[in-house]
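Q: Throughout the sequence shown, residue numbering follows numbering that gives the first Met the number 0, covering 0 to 465 in sequence.
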Amino acid sequence: MSAPAIIVSGCSRRCGKTGITMALSRLVARRGRRVRALGIGTDRAAAGHLASATGYPCPTIDGWSMRLETLASVMRTAGADADLLLLDGSGALFDGLPKALPASRGETGGGARGVTQGPFADQEGSAADVAALLGLPVLLVVDAAGQDVSAAAVVDGFLRARDDVGIVGLILVNVTGAQQSARLHRSFEARFSLAVLGQVEQAEARMLDVAAIGPPGAGNRLRVEAEIAAIEAALADRLDVERLMRLARPATLDIMAGPAVPLAPIGQRIALADDDAFSFRLPSVVDGWRATGAEILPFSPLADEAPPKHADAVYLPDGPCGFYLERLATNRGFVKGLHAAAARDTFVYAEGGGFLSLAEAAIDTTGRSHAMAGLLPVRLEARGAMQAGSLGMVEVRARATTPLARRGLRCRGHLTAAGRMVERRGAALFEACGDGGAEFGAIAGTVCGSFVQLIDRAPHLGVVRS
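1. Reducing DSSP to helix, strand and coil, say where C447 ends up.
2. For the alpha helix (DSSP H) holding I227, just list the boundary residues, first then last.
3. Could you compute how far the alpha carbon of E359 sits from the alpha carbon of A250?
4. Using 8 Å as the cut-off, can you tell me whether the segment 169 to 177 makes contact with the segment 136 to 151, which would need three or more C-beta pairs spanning the two stretches below that distance?
5. A151 to A81, Cα distance in whole Å?
6. May I have the straight-line CA-CA distance separating R161 from F450, to the nearest angstrom?
7. Okay, do the segment 390 to 402 and the segment 362 to 380 touch, 3+ Cβ pairs below 8 Å being the bar?
8. Can you grab the Cα-Cα spacing for the pair C14 / R66, in whole Å?
9. Cα separation between R466 and V421?
10. Per DSSP, what kind of secondary structure is D87 in: helix, strand or coil?
11. Report the option in I6, C320 and R343 whose CA atom is closest to the CA atom of V167.
12. Please find out if some non-hydrogen atom of the ligand MG comes closer than 7 Å to the beta-carbon of S24.
13. From D477 to T76, what does the alpha carbon distance come to, in whole angstroms?
14. Taking 8 Å as the cut-off, decide whether the C-beta atoms of L262 and G287 are in contact.
15. On a Cα-Cα basis, can you pick out the residue from R423, T53, G418 and G412 that is closest to A431?
16. Nearest-angstrom Cα distance between L246 and V164?
17. Between E224 and T59, what straight-line distance do the alpha-carbon atoms span, to the nearest angstrom?
18. Could you compute how far the alpha carbon of L158 sits from the alpha carbon of A293?
19. Pick helix, strand or coil for M420, following the three-state DSSP scheme.
20. Would you kindly report the start and end of the unbroken beta strand (DSSP E) that includes V172?
21. Out of curiosity, what's the CA-to-CA distance linking V240 and Q146?
22. From this set, V260, M21, C320 and A46, which residue's C-alpha is nearest A416's C-alpha?
23. Examine the Cβ distances between the segment 67 to 74 and the segment 21 to 28 and report whether three or more of them are shorter than 8 Å.
24. Please go through the segment 284 to 312 and give each complete beta strand (DSSP E) segment of 3 or more residues, from N-terminal end onward.
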């Protein structure tokens, strides 16, 4: 039996749901309950802040890119020793990817997991899809700025949108004072039987913007902890935590017993770059490698550590490397270690921000160019020092056989916001499935990488819920 769970999502983006989820996790823990957090979507920075709030890793799930067995396995692991599982919904509740014809997404299409027919059945991979698939209740965060009865009309539309998504409670944010609060509560009580679990006034709502906190990691730990503590203190008397716990429900989907393996292990002894610069890796991928018996060997490029010599693969995951370009470029032990690994024909794979490390040159956000390891014939530009966002979900096909994937294997993932390709000489690592044919990344010998963060293999089998 999985732990009782509830999804915290919103009527709009940037409504403060992640900050509210952080506060709820702390307030539940104060009551002696074991609480864990799980992110929906690809925002590893938000997941890092949620991990700081709970004191436990915060994996992520995605309804578009993950196979059902992978998603279920992550859910099972996250809630294995928890009394409550809080899921931080990505974006607004119903916002996902438009369903596309097979020509534009490949033969596997998008799947039909948890999607009803109707006017909102043309989106997939949304927080609503995850709620429907897992049978989980939704706590809806409503930005009430400048609204009274109109806020109730918005909620009414959300309640009617899909009959397989159960919205069980509301939290109001950006409430300007007692008079607006009274009008809002009258509007909701007259129309719905929903529980209003709390409200956040306008002055307090400003602190819910977790993007302003900066990246998670040891270098920013004190600030992150101070911000989380401030949010918790501000909302402690404004959220009905006991009622929240009563509304949570276990997933109705059977959670498989064993771990999933989203991607084949790239080696038997995998050197993993593991520090603040490479902190956006997907736990589900690394856990899958461990489940096959692969040994994970952490090392720190920021501490000028080289990959262990006995490793037969090196993995440089996504992270805010753009913030650390100069250090990574001048850490000679790290750079020489990468060259030594490549000279031994060790498989070296980088994705997202990690891709910047392998370039001939990378341009930072001030326009300065840094000579990087030079193992791939590319010039790259960092998009933003602290970005952990996504430029879109992609299904790609491997253009060459490597330990990562055989030629032609399809995988799904997202194009990270870590940077962009300025120049590439030579072969690309991936090509987009479908008619577009866009190319991603680069490969040279046993070294390869791209700005795509792979999440899972295709195909993605649909589960149709009646």
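Ideal placement from N, C-alpha and C gives every residue a C-beta, glycine not left out.
A: In brief:
1. Strand.
2. I227 -> alpha helix (DSSP H) spans R220 to L234.
3. If I take the Cα positions, the gap works out to 48 Å.
4. Between the segment 169 to 177 and the segment 136 to 151 there are three or more C-beta pairs closer than 8 Å, enough to call the two in contact.
5. The alpha-carbon of A151 is positioned some 34 Å away from that of A81.
6. Straight-line measurement puts the Cα of F450 at about 35 Å from the Cα of R161.
7. At 8 Å Cβ cutoff, the stretches do not touch.
8. Between C14 and R66, the C-alpha separation is close to 29 Å.
9. The displayed coordinates of the chain run from 0 to 465. Any statement about residue 466 would go beyond what the structure contains.
10. Looking at D87 - three-state DSSP - the assignment turns out to be strand.
11. The residue among I6, C320 and R343 with its C-alpha nearest the C-alpha of V167 is I6.
12. Absence of the ligand MG is noted for the structure shown, with no ligands found whatsoever.
13. Past the boundaries of the shown model lies residue 477; the chain is included only from 0 to 465, so the question cannot be answered.
14. Contact flag set, yes.
15. Distances from the CA of A431 to each of R423, T53, G418 and G412 were compared; the closest alpha carbon is that of G412.
16. Inter-residue distance for L246 and V164 is about 14 Å (C-alpha atoms, whole angstroms).
17. In this structure, the straight-line span from the alpha carbon of E224 to that of T59 is close to 21 Å.
18. Taken atom to atom, the span from the alpha-carbon of L158 to that of A293 is near 46 Å.
19. Strand at M420.
20. Here the beta strand (DSSP E) through V172 covers I166 to V174.
21. Distance between the alpha carbons of V240 and Q146 is about 25 Å.
22. The shortest C-alpha separation from A416 is found at C320.
23. Touching, no, given that fewer than three Cβ pairs across the two stretches are closer than 8 Å.
24. Entirely contained in the segment 284 to 312, the beta strand (DSSP E) runs reaching 3 residues are, in chain order, 294 to 298.
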